[in-house]
Amino acid sequence: MPAVPSHPTLLAELVLLAIAALLATGLAGAVRARARDGRVLVYGACLVLCVLLALAGLAALAVPPTGLSLPLFLPWVGARFRLDPLAGFFLFVVNLGGAAASLYALGYGRHTAEPERVLPFYPVFLAAMNLVLVAADAFGFLFAWELMSVASWALVLAHHHEPRTRRAGVLYLLMATLSGLTLLLGFGLLAGPAGDYSFAAMRAAHPSGWIAALALMLVLFGAGAKAGLVPLHVWLPEAHPAAPSHVSALMSGVMTKVAVYAFVRVAFDLLGAPPWWSAVVVLALGGGTAVLGVLYALMESDLKRLLAYSTVENIGIIFLGLGLAMAFRADGDAIGAALALTAALLHVFNHALFKSLLFMGAGAVQTATGTRDLNRLGGLIHRMRVTSFVFLIGCAAISGLPPLNGFVSEWLIFQAILLHPDLPQWGFKVMLPADGALLALAAALAAACFVKAFGIAFLGRPRSDAAAAAREVDGFSRAAMAGLAALCLLAGIFPGVVIDALAPVAHLLLGTRLPAQLAVPWVSVVPVAAARSSYNGLLIFLFVAAASGITVAAIHRFASHALRRAPAWDCGFPNADPITQYTADSFAQPIRRVFAASLFGAHEDVTVPPPGDTAPARIVKTIRDPIWDWGYAPVAEWVERTSLTLNRLQFLTIRRYLGFVFAALVVLLLALALWQ
Amino acid sequence: MIASLLVQGGQMALVLALAPLLTGWVRKVKARLQRRRGASVFQPYRDLRRLLGKEVVLAENASWLFRVAPYLMFAFTWVAAALVPTFATGLMFSWTGDLIAIIALLGAARFLLTLAGMDIGTAFGGIGSSREAMIAALAEPAMLMIIIALALLAGSSQLSTIARFMDSPAVGLRVSLALALVAFLIVALAENARIPVDNPATHLELTMVHEAMVLEYSGRHLAMIELTAALKLLLMISVIGCIFVPIGLAVGGEGPVGTAIGLAAYAAKLVVAGALLGTFETAIAKMRVFRVPNLLGGALMLGLLATLLLFVSKGL
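If you read the protein sequences in the order shown, they are chains F and X.
The numbering of the first sequence is the working numbering, which starts it at 1 and goes up by one.
The numbering of the second sequence is the working numbering, which starts it at 1001 and goes up by one.
Right under this line is the structure:
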């Protein structure tokens, strides 16, 4: 197609072409997987295409929405695509994560045992995520959604030799099916009796209150299951860590954001005005998910599972922000809704950065030591200097510490909570302060969780020979991680850039936007008014840097700079054995005792042998997952029992089968007769 | 411009200069209450000078993080202290961060300290860090709930604005404020590792939290940590002073007399608060570690209650 500069759909066409190229790369990956250049070819192509798509996403933020119809999928109907600021923002986030993961994989992919199980699916996974974002009818959306699920499922099963991975694969497939099914029903309700599956028609139709609420709840279920909202999160900590680390980074950092996109698209764009109480549901789910997710993470001693649970927490924070936006919109405050929506989307961006970074760091640790069990790590800061530094940045950012980016989005959500103590509905009067407390709790627990993750893995003395012999990872991996860490810092000290970039999204969905932040002197962030609250990451960064720099210089110049190395003091009784150190489990013990004793039934049984017996003393830690025990286990049991009962139907004689067919016919005819 | 820059710089220098004195004063009060003569109130300065002059004895497997942490902690705490109005509101850079940012800066300092505690790989460092993490996991949310309550009352989370609001007649007598004050006092005790949460004077292993984390520090690094702890105590008292007792706070533009009044009021607040803290610490026993969550959980609930009351009472 000739590219004319004044062509209005040029950008959308470019995006679709890039997606098609990604799919073609998948084909190339299938052909050349075993070849020597297969890895470089696939990841190199993915890197280039992701950068291209990310730039296209940025461009889409600035231009008006463009639609495009192609003769694909359904005959006569075709496939509709649309590129608007919301899709553009998520395109940027997804492909930024994709580009970083591809760059990382250029080096990390070398360690893949069976490249033919990764290389064909990786580009397809990326393509499917992009396709979800630009689809503009339910058919295309669901097709891309399922393609995304299947491709990521195949990637999860890359290490299919481990039984745990296979179990994760089954669980993931089940939850993905459930998620697709509810989304299908939700879109069915949105399309209405006329059955026009294009988003434009859904936007134009304004379903009545109950239909809208039901559709929203179905989509919340479908998107929430993919994003990891509690109680639909159970598959996430199994499946995300099972995949190779660059895929884990994509699944946790990026794919969950595609699910957030699906919810935002329906809740803020396609649906007219859902009833106000649906916001209460989202607020409750968000707050609960945030705290439960981080508590799960604190109990975990597998580095990648810890990160996966922390994703659950952050998804909770994002949904909390979205719930606030829905609440304010329901009460007619568009500016407040814009603030909350911007905060949630900023957290989407931030989380994509630091979670990708942390998963890549976990992959680097796994490459270097062969384990991701925190209790077998330690002391890596001496052997993996770059990895440990960037991992520290990621930990500080996800803990919401200034001047990094995680703080800004959590701060903005707090500002949104402070905005409206006067909402008339009682649901909000109770839910808003409760969510404030839950968010505060989640933020504080996240800091504890990442002190644990970094402190146990990278600090102290090595707890195993593998950790003692760790080597720094390759240059591609380090470059990818360092790039993400730099972005974490930049987004923290210049948050106004991202907030202003989000203005077209807020304008598209809510008809208004936050005041331009870059116009504020000294690049401060002023969400509402300067007298209310402001934050300046740049100045904080400069002040801290200056204060510490001056102090160091002054002390070394005027006081002492003498230094002597000596054995550790440890109150006079240093023990050379590294197992005397705190482990991940012992670090979390006080918090486990305080928070998890009743919630997770956590307890420890200590058995000390009687005097004279040389058997070792034992401590056994037990933790139950209440959601699995009370939610999933009974359902699974019921399904098993029912299917066993029904199984008998498969061993009948032909006469009985004929009898059943006859009976079924009679019953159906009777039902029809009665209904009419 | 120049004047406000001077006020800002003066405040930053003032808090740094006063912090050890406040610590010395609290120690003096405690000593006198225990019928000891006690060291001079200027002893902390001498300690700092002595520590600064000594060489650092660094554990063999200490990493760069262990050496960088004391300076960064100090910087974070100092920047946080610079955002708190002591004797005058209207600080030049007060818009750099609100009360939430101040607490987050202290959180960043704590993050570094807990990591530094784990760096050497000794059991004591681990015990201190893990307990500190537990205390922080309750104290920080409690503090944020208090801030939310205050910010809802004052219509701003900016500390200067809150102080000005609390000084105005618009405040009145409020239940939420009383709840917030009680919660704030509890959190302030925990944040500063004071009795009954932690004992700053102990070196008895089983009771240590803060001291266990800094056990391996020596020389100038230890000096920075001691100074940071003193600065944090001063910061907390200043925040309590400017929110709950905003008497005499200079609001800018009242000339040298107003500034002098502000300074005198600030000094008086520090003296009274230090004496109260010393008395309280002498009168009460330290808690068992696993009783602390009950205390801090109580503070969290009080903060939540204060916020809930505000939400429920508004717009009826």
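Backbone N, C-alpha and C define an ideal beta-carbon position, used for all residues, glycine too.
These figures come from a predicted structure and were not determined experimentally.
Return helix, strand or coil for residue i, following the three-state DSSP convention.
i, result
"residue 621/F", "strand"
"residue 162/F", "coil"
"residue 632/F", "helix"
"residue 5/F", "In this prediction, residue 5/F has a pLDDT of 48, which is less than 50 and means its spatial position is unreliable; what the coordinates show is noted afterwards. Reduced to three states, the DSSP call for residue 5/F is coil."
"residue 661/F", "helix"
"residue 560/F", "coil"
"residue 197/F", "coil"
"residue 545/F", "helix"
"residue 1316/X", "Unreliable positioning characterises residue 1316/X in this predicted model, as indicated by a pLDDT of 49, which lies under 50. A coordinate reading is not provided."
"residue 246/F", "helix"
"residue 1221/X", "helix"
"residue 187/F", "helix"
"residue 507/F", "helix"
"residue 67/F", "strand"
"residue 1310/X", "helix"
"residue 565/F", "strand"
"residue 36/F", "coil"
"residue 1001/X", "coil"
"residue 267/F", "helix"
"residue 1015/X", "helix"
Between residue i and residue j, which are expected to be in contact by the criterion C-beta below 8 angstroms, what is the C-beta distance as a whole number of angstroms?
i, j, result
"residue 267/F", "residue 217/F", "11 angstroms between Cβ atoms; not a contact."
"residue 471/F", "residue 387/F", "Not a contact, Cβ separation roughly 10 angstroms."
Starting from the Cα of residue i, find the closest Cα among the options and give me that residue.
i, options, result
"residue 239/F", "566/F, 582/F, 165/F and 295/F", "165/F"
"residue 533/F", "1266/X, 1158/X, 1183/X and 1240/X", "1158/X"
"residue 23/F", "123/F, 603/F, 622/F and 541/F", "123/F"
"residue 102/F", "88/F, 618/F, 250/F and 59/F", "250/F"
"residue 212/F", "50/F, 256/F, 269/F and 367/F", "269/F"
"residue 161/F", "87/F, 309/F, 242/F and 608/F", "242/F"
"residue 374/F", "450/F, 444/F and 429/F", "450/F"
"residue 371/F", "385/F, 352/F and 302/F", "302/F"
"residue 106/F", "233/F, 48/F and 315/F", "48/F"
"residue 1106/X", "1140/X, 1174/X, 1095/X and 1134/X", "1140/X"
"residue 1214/X", "181/F, 568/F, 111/F and 547/F", "568/F"
"residue 1007/X", "1263/X, 1063/X and 1189/X", "1263/X"
"residue 116/F", "44/F, 138/F, 34/F and 315/F", "34/F"
Could you pull out every residue in the same chain whose Cβ sits closer than 8 angstroms to the Cβ of residue i, ignoring the five residues on either side in sequence?
i, result
"residue 185/F", "218"
"residue 1301/X", "none"
"residue 1094/X", "1083, 1085, 1158, 1159 and 1160"
Apply the 10 Å Cβ neighbour rule to residue i and answer buried if 16 or more other Cβ atoms are within range, or exposed otherwise.
i, result
"residue 1294/X", "exposed"
"residue 634/F", "exposed"
"residue 300/F", "buried"
"residue 1168/X", "exposed"
"residue 629/F", "exposed"
"residue 606/F", "exposed"
"residue 657/F", "exposed"
"residue 653/F", "exposed"
"residue 1198/X", "buried"
"residue 317/F", "buried"
"residue 145/F", "buried"
"residue 1176/X", "buried"
"residue 1191/X", "buried"
"residue 1/F", "In this prediction, residue 1/F has a pLDDT of 39, which is less than 50 and means its spatial position is unreliable; what the coordinates show is noted afterwards. That one is exposed."
"residue 1081/X", "buried"
Cutting at 7 angstroms between CB atoms, please list the residues of its own chain near residue i, excluding the five before and the five after it.
i, result
"residue 485/F", "357, 390, 393 and 394"
"residue 1065/X", "1115, 1116 and 1119"
"residue 434/F", "287"
Residues in its own chain within less than 6 angstroms of residue i by CB, not counting five upstream and five downstream?
i, result
"residue 69/F", "78 and 80"
"residue 1261/X", "1248"
"residue 1004/X", "1092"
"residue 52/F", "18"
"residue 504/F", "61 and 85"
"residue 364/F", "387, 473 and 477"
Would the beta-carbon of residue i be found less than 6 angstroms away from any heavy atom of the ligand ADP?
i, result
"residue 594/F", "Among the components of this structure there are no ligands whatsoever, and the ligand ADP is therefore not found."
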